[in-house]
């Protein structure tokens, strides 16, 4: 936070960005892929919040959705499978002034990266996490993911998935220090934008699960929800989403839900039909790890050196003492 | 003597202020006090807000404690509930009373010191008691000077709050400046490491340290790092700018630097007159401006946002004229505590000048005399700028924080004091702490409380930053019965038959004056046998119109040292002042939205209009009922407005192709078919850019592949397009 003069000067000379300033290339996702809607919403957010591209980082793991950083003209880190969270945490720890986003898929986050995911929630570091959940491994041509519904046929489950699908919302809401959980769907773009904007403005680990279509491998998966607005439950609240009149006209199935009520949030998160859309839980009072850990301790070279010296001193045999002691004897 | 003649004496006294004959007795204010103060003979026996404990190193929100609260909290910790803790509670409460007595005798000290003294006194004959009290003292969580509600309290209280507020600001300021120094130093260090000098063998050896210096060949290392070093040297102008900002930041004299060896040079910000504070402010302004400039440069440099072409011209011209209240708020505020004996006209003139200039000053003006006579020597009470009206005058200047209160309210209003000290810009604290000139046997706490209760010095706060209107800015909180003319309490006494009688008694301005021995001549005691129906309580008398008032004599209830009740009549001059006091109180009430004359007039007008309208409607209804009885009912009802609107809301199907752009999820499907016909808007959502850039077939195909079905192909524009019949059939679900 700068002093007023600096704020005025920055405002005087600040550069405003448009959507093209954040568009890093032509996406190679399939036509109709829900990732496109998420990309559009995130680029809009960057423009509307006037995020400096050089101070914005997108970190991802592996998968279709993890190509996201390539399509953003900001800093990005296309990491390794399941490891988006530790990379993002490292970035945030070293540079708390950066806006950090994590894009991860249902396989990347909920399978190989599940351990990192759980602890990232607990750390509650200030970042925006977008879980692109299309219920399938798309990049490797249709294998069942942890969120694939029971009975879904895929290359690895030709007779249909036999396990109950993992619910990322209830998992997240069950972890200590959870501070923000929301759910969106890629086919309601204005709500998708509102949810991501809320997540970005939340100080802490903002977890947004976005249910998205995979037109290539699961083209019929969400058709019932696409064609029947009644199968979408909008969560509204003064501290959550306030849908526009146009959206409310289409999506009449609404429920007022206070995002501070975690018990109700867990109950709502358990429901799959209708799909709940909105802010399930938000608690701005949960402390962030980077602030708790670094509280009052500036990480200057002098401090680091003093700390190291103190540690070395514990195990150092001083040559002077070695020499003087025999002489004294 | 008959009753009429006796009342005549009272009327004469009321109108002239002169006692005639022996029917009326003079008032001895050392013996008489207003009846409402009867229960407060010995304050040491009462547990109330005072005395206070002022901790030495106080946090901003914790800068003062009430002794009763400290003792209460101690007992909650150490005395078990029930009979076991009762003995300890009694001893500790006895000690609390002893502390009050010691303060009243003029003893002073910190809580721990006074506690030890009191414990030794109370336990002089009983070792166990002394030990128990000493142990209880060891469990105290708070220590600091113990102060009573006396003439010194306002200055000590406000200074304590101010120091706590400055300590908080100092911490924030040091955090800001230290952080910037660190960041600029990092830039310098990185620049040195990249420079040719930083890559010399000696520099590299110094960076490793002496313990393992023999292990490395620094000459070779120097060649290696020089070969791969980045070529971006710190430009000379930037280097100079950073060095300049660093030197200003490191030498700041505004807040104490705990890390400075031998202590840092620091300005003083506490003054006891306005002129000295203004001189100091002026003298320090260039340094303050340089500091703000250096902070701004450091913030821009450390975030990499400094653009020489844009910012150099600005900083070259940056001077004190560019400073805002927000910038000044970073620095300590000037505390001016004007002693009571220096609160004269010239000081007040300087004060008003200083406040109206918007300087970052927090001024305490201690009032000692609310009842001074007008300087023109007519014997009238002065409601002048010098005392009671100073705060209202300052409030008229706007753009500041103003608190008027008595010393008896300070603890209760501690959060307001804190808010005033935290506000940006000037703040005035006008505090009445009792009048030494009036000193009778009434303790200063009661004098101060009486001033507030009587509306002679009501508590109010005005905070210009609290909102856009008076409702948000002005508050009368802290006054009892703020919606009424006077604070009213039930007075209980035993009548001639020793039966309990309860009567509501208002505490008026005249009651407050009765506490002041200088004005005893405005009162006369009426012997009990001369009480009559012509006498009227002061609170009722002031409500009378002028004519009937001349036929009645106002009186107060007072008690003597033996708690016997007396009626004291009041002369016309004091009643004139009482009316004036009420008038000024009404003005404050209006500021607070109580009995707002504009609102009440508006309400009366609206009510009259509403009554008229209702009356007309009633008449019209009665007439219509008469007509309806003679006419047949209408056969067709008019359509309901809602239904009409609903019908109007349905749009006829359009022949033009269109897209529900707001629902577009940006999936690219339509653009894949024809990116000249379909395009994205600023929000990356599709719309039909050029309908003629493609065919009707492409429109229909786009509508079919769109997963959210938001493309509506309309009717074909080219009637000769091949396969139209089939396309129209396919387009039907999307029309």
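Protein chains in written order, with the numbering used here: chain A, 1065 to 1393; chain B, 8 to 742.
Even glycine gets a Cβ: it sits at the ideal position worked out from N, Cα and C.
Beta-carbon neighbours of residue i, restricted to chain B and to distances below 7 Å
i	result
residue 1107 of chain A	691
residue 1070 of chain A	303, 306, 307
Residue i at chain B interface by Cβ criterion, 9 Å
i	result
residue 1378 of chain A	no
residue 1310 of chain A	yes
residue 1370 of chain A	no
residue 1167 of chain A	no
residue 1076 of chain A	yes
residue 1083 of chain A	yes
residue 1291 of chain A	yes
residue 1114 of chain A	no
residue 1388 of chain A	Residue confidence for residue 1388 of chain A is low, a pLDDT of 47 falling below 50, so the modelled location carries little weight; the figure read from the coordinates is stated next. Residue 1388 of chain A does not count as touching chain B.
residue 1277 of chain A	yes
residue 1314 of chain A	yes
Member of the options whose CA lies at the smallest distance from the CA of residue i
i	options	result
residue 1151 of chain A	A:1287, A:1135, A:1168	A:1168
residue 1253 of chain A	B:700, B:91, B:674, B:196	B:674
residue 587 of chain B	B:574, B:554, B:550	B:550
residue 79 of chain B	B:567, B:100, B:94	B:100
residue 692 of chain B	A:1228, A:1148, A:1108	A:1108
residue 1139 of chain A	A:1116, A:1149, A:1145, A:1153	A:1116
residue 517 of chain B	B:481, B:584, B:470, B:505	B:584
residue 726 of chain B	B:741, B:703, B:718, B:364	B:703
residue 229 of chain B	B:451, B:360, B:276, B:204	B:204
residue 570 of chain B	B:22, B:500, B:520, B:686	B:500
residue 1299 of chain A	A:1204, A:1329, A:1290, A:1286	A:1329
Whether residue i touches residue j by CB criterion (9 Å)
i	j	result
residue 502 of chain B	residue 24 of chain B	no
residue 148 of chain B	residue 305 of chain B	no
residue 56 of chain B	residue 75 of chain B	yes
residue 438 of chain B	residue 413 of chain B	yes
residue 494 of chain B	residue 460 of chain B	yes
residue 98 of chain B	residue 127 of chain B	no
residue 58 of chain B	residue 151 of chain B	no
Contacts of residue i in chain A (Cβ-Cβ under 7 Å)
i	result
residue 674 of chain B	1095, 1096, 1097, 1100, 1101
residue 314 of chain B	1077
residue 679 of chain B	1095
Test: residue i CB closer than 9 Å to a CB of chain A
i	result
residue 156 of chain B	no
residue 173 of chain B	no
residue 430 of chain B	no
residue 647 of chain B	Only weak support exists for where residue 647 of chain B lies, its pLDDT of 42 falling under 50; the value from the coordinates is given anyway. Chain A, which has no Cβ nearer than 9 Å to the Cβ of residue 647 of chain B, makes this no.
residue 715 of chain B	yes
residue 652 of chain B	Summary for residue 652 of chain B: the model assigns pLDDT 39, below 50, so the residue's position carries little reliability, and this model does not support an answer.
residue 712 of chain B	yes
residue 513 of chain B	no
residue 281 of chain B	no
residue 213 of chain B	no
residue 598 of chain B	no
residue 657 of chain B	Any answer about residue 657 of chain B is weak, because its pLDDT of 40 lies below 50 and its placement is not dependable; what the coordinates show is given next. Closer than 9 Å: no.
Chain B residues whose Cβ lies nearer than 9 Å to that of residue i
i	result
residue 1067 of chain A	183, 299, 302, 303, 306, 333, 334, 337
residue 1343 of chain A	Here the premise fails: no neighbours, minimum Cβ distance about 20 Å.
residue 1204 of chain A	None at all; the shortest Cβ gap to chain B is about 22 Å.
Closer than 9 Å at the beta carbon, the chain A residues around residue i
i	result
residue 195 of chain B	Those within 9 Å of residue 195 of chain B in chain A number zero; the least Cβ separation is about 12 Å.
Within chain B, partners of residue i - CB distance below 8 Å
i	result
residue 1306 of chain A	The premise fails here: residue 1306 of chain A is roughly 16 Å from chain B at the closest Cβ pair, so nothing lies under 8 Å.
Per-residue contacts from residue i into chain A (C-beta, under 8 Å)
i	result
residue 682 of chain B	Neighbours of residue 682 of chain B on chain A: none; closest Cβ ~11 Å, over 8 Å.
Any 3 or more C-beta pairs closer than 8 Å across the region 1331 to 1348 of chain A and the region 1242 to 1253 of chain A: yes
Inter-stretch contact (C-beta, 8 Å, three-pair minimum) for the region 1127 to 1137 of chain A and the region 1067 to 1081 of chain A: no
Inter-stretch contact (C-beta, 8 Å, three-pair minimum) for the region 700 to 718 of chain B and the region 677 to 684 of chain B: yes
Chain-ordered residues of the region 1240 to 1261 of chain A with a beta carbon less than 7 Å from chain D: Absent here is chain D; the protein component of the structure consists of chains A and B.
The region 1191 to 1210 of chain A / the region 1221 to 1234 of chain A touching (three or more Cβ pairs under 8 Å): yes
Three or more C-beta pairs below 8 Å linking the region 1274 to 1282 of chain A and the region 1300 to 1312 of chain A: no
Validate contact between the region 327 to 335 of chain B and the region 200 to 214 of chain B using beta carbons, cut 8 Å, 3 pairs: no
The region 530 to 541 of chain B / the region 34 to 43 of chain B touching (three or more Cβ pairs under 8 Å): yes
Sufficient close CB pairs (3 or more, under 8 Å) joining the region 153 to 172 of chain B to the region 334 to 353 of chain B: yes
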